[in-house]
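Residue numbers (the working numbering): 1 to 251.
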């Protein structure tokens, strides 16, 4: 390996590991060797003659696949409600629910509210794809290299770090609209009004919007991460030639 390639590999490895936690010296050396091997393999072009555009497009395709899986899964009927990503009542609303459920007509408040929150998130999920696309399309070659030779969740981490604040902001009106579509916010306001009318309680006004938004996005990112791990670690999940060629680099 010539000096130029050594310097390129060294710079790449430093960039990758500066943000990682070193658990033990042995673990660090194992990880370092793996990253060096991967970096050399990619930079040398061994196994195939992939260009920069192909590497970037392969990583974008992997994220696209993860986003599509997350949106399709969570936007289906009961996609949130009957999954591990089910959205529960926020902690600051629990005391409201615990008291109001004893009021006539609100006996099923917890069940009804959870169902409405999850239905709202499912409707919102259908509109998530274009919001994710911008972050995916902005990926650079350096981003792609760091992702390709990074941890199993590196692509998801890139997407989250690059876009979470923007996603949260842009997703909020979608969440609000979706919650209104299933009457969740009006229902919750009526519950809060009943609670505030009870004797010996201090008025509260816990909001659902922020909680549902964060929970919905966290569920999506978790599914995207799961899909990424599958593509990285299981060649059978690499559904296109480009995915096979690109991720063979990190095997």
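Ideal Cβ placement from N, Cα and C applies to all residues, glycine included.
Q: Name the two residues that bound the continuous alpha helix (DSSP H) containing residue 154.
A: In the chain shown, counting from the first residue as 1, residue 154 sits at position 154. 154-181 is the span of the alpha helix (DSSP H), which, as asked, contains residue 154.
Q | Same chain, Cβ closer than 7 Å to residue 100, five either side skipped, listed in chain order | A | Within the chain shown, the letter at position 100 stands for residue 100. Excluding sequence neighbours, residue 100 sits near 106, 109, 191, 194, 195.
Q.
Once the 5 residues before and after residue 119 are set aside, which same chain residues still bring their CB inside 6 Å of it?
A. As a working mapping, residue 119 is identified with position 119 in the chain shown. So the qualifying residues of the chain are 182.
Q: Note down the Cα distance separating residue 70 from residue 168, rounded to an integer number of angstroms.
A: By 1-based counting over the chain shown, the position of residue 70 is 70. By 1-based counting over the chain shown, the position of residue 168 is 168. Cα to Cα, the separation comes out at about 16 Å.
Q. What is the rounded straight-line gap between the Cα of residue 85 and the Cα of residue 220?
A. Indexing the chain shown from 1 puts residue 85 at position 85. Indexing the chain shown from 1 puts residue 220 at position 220. Cα to Cα, the separation comes out at about 9 Å.
Q. Taking the alpha carbon of residue 155 as the point to measure from, which residue in 216, 218, 170, 224 has its own alpha carbon closest?
A. As a position in the chain shown, residue 155 is number 155, starting the count at 1. Considering only alpha carbons, the answer is 224.
Q | Opening and closing residue of the alpha helix (DSSP H) in which residue 130 lies | A | By one-based count along the chain shown, residue 130 stands at place 130. Taken as a continuous stretch (DSSP letters only), the alpha helix (DSSP H) holding residue 130 covers 129-137.
(Q) Just to check my reading of the structure: residue 217 and residue 171 have Cβ atoms closer than 8 Å, yes? What is that Cβ distance to the nearest angstrom? (A) Residue numbering aside, residue 217 sits at position 217 when the chain shown is read from its first letter. Residue numbering aside, residue 171 sits at position 171 when the chain shown is read from its first letter. That pair is a contact at about 6 Å.
Q.
Can you find the residues in the same chain that come closer than 7 Å, C-beta to C-beta, to residue 243, ignoring five residues on each side of it along the sequence?
A. Your numbering for residue 243 matches position 243 in the chain shown. Same-chain partners within the cutoff: 58, 61, 62, 231.
(Q) What does the alpha-carbon distance come out to for the pair residue 164 and residue 237? (A) By 1-based counting over the chain shown, the position of residue 164 is 164. By 1-based counting over the chain shown, the position of residue 237 is 237. Each residue's Cα considered, the two are about 26 Å apart.
(Q) Quick check: the Cα distance between residue 184 and residue 132, rounded to an integer number of angstroms? (A) For the purposes of this step, residue 184 is identified with residue 184 of the chain shown, where counting begins at 1. For the purposes of this step, residue 132 is identified with residue 132 of the chain shown, where counting begins at 1. Residue 184 and residue 132: Cα-Cα distance of roughly 25 Å.
**Q.** Contacting residues, own chain, Cβ-Cβ under 6 Å from residue 222 (five flanking each side not counted)
**A.** As a working mapping, residue 222 is identified with position 222 in the chain shown. Around residue 222: no qualifying Cβ.
Q: Return helix, strand or coil for residue 76, following the three-state DSSP convention.
A: Translated into the one-based positions of the chain shown, residue 76 becomes position 76. Residue 76: coil per DSSP, three-state reduction.
Q: With distances taken Cα to Cα, identify the nearest neighbour of residue 180 among 209, 159, 161, 150.
A: Counting from 1 along the chain shown, the entry for residue 180 is found at position 180. Here the closest residue by C-alpha is 209.
Q) Among the residues of its own chain, which have a CB less than 7 Å from the CB of residue 144, if the five just before and after it don't count? A) In the chain shown, the residue the question calls residue 144 occupies position 144. The residues are 55, 56, 59.
Q | Collapsed DSSP secondary structure at residue 102 in the structure displayed | A | If you number the chain shown from 1, residue 102 lands on position 102. Coil.
Q) residue 136 and residue 64: beta carbons closer than 8 Å? A) Translated into positions along the chain shown, residue 136 becomes position 136. Translated into positions along the chain shown, residue 64 becomes position 64. Yes. Within cutoff.
**Q.** Selection from 215, 233, 227, 235 that minimises the alpha carbon distance to residue 91
**A.** On the chain shown, residue 91 is found 91 positions in, with the first residue counted as 1. It is 215 whose Cα lies nearest to the Cα of residue 91.
Q. For residue 78, is the classification buried or exposed, using 16 other Cβ atoms within 10 angstroms of its Cβ as the cut-off for buried?
A. Within the chain shown, the letter at position 78 stands for residue 78. Exposed, since its Cβ has fewer than 16 Cβ neighbours within 10 Å.
Q.
Going by C-alpha to C-alpha distance, which of 68, 52, 234, 228 sits closest to residue 151?
A. Here residue 151 is taken as the residue at index 151 of the chain shown, counted from 1. Cα-wise, what sits closest to residue 151 is 228.
Q | Cβ separation of residue 121 and residue 212, assumed to be a contact under 8 Å, to the nearest whole Å | A | Taking the first residue of the chain shown as position 1, residue 121 is located at position 121. Taking the first residue of the chain shown as position 1, residue 212 is located at position 212. The Cβ separation is near 6 Å, so the contact holds.
**Q.** 8 Å CB neighbourhood of residue 175 in its chain, flanking five on each side removed
**A.** Here residue 175 corresponds to residue number 175 of the chain shown, with the count starting at 1. Within the same chain, residue 175 has close Cβ partners 120, 121, 124, 209, 212, 213, 216.
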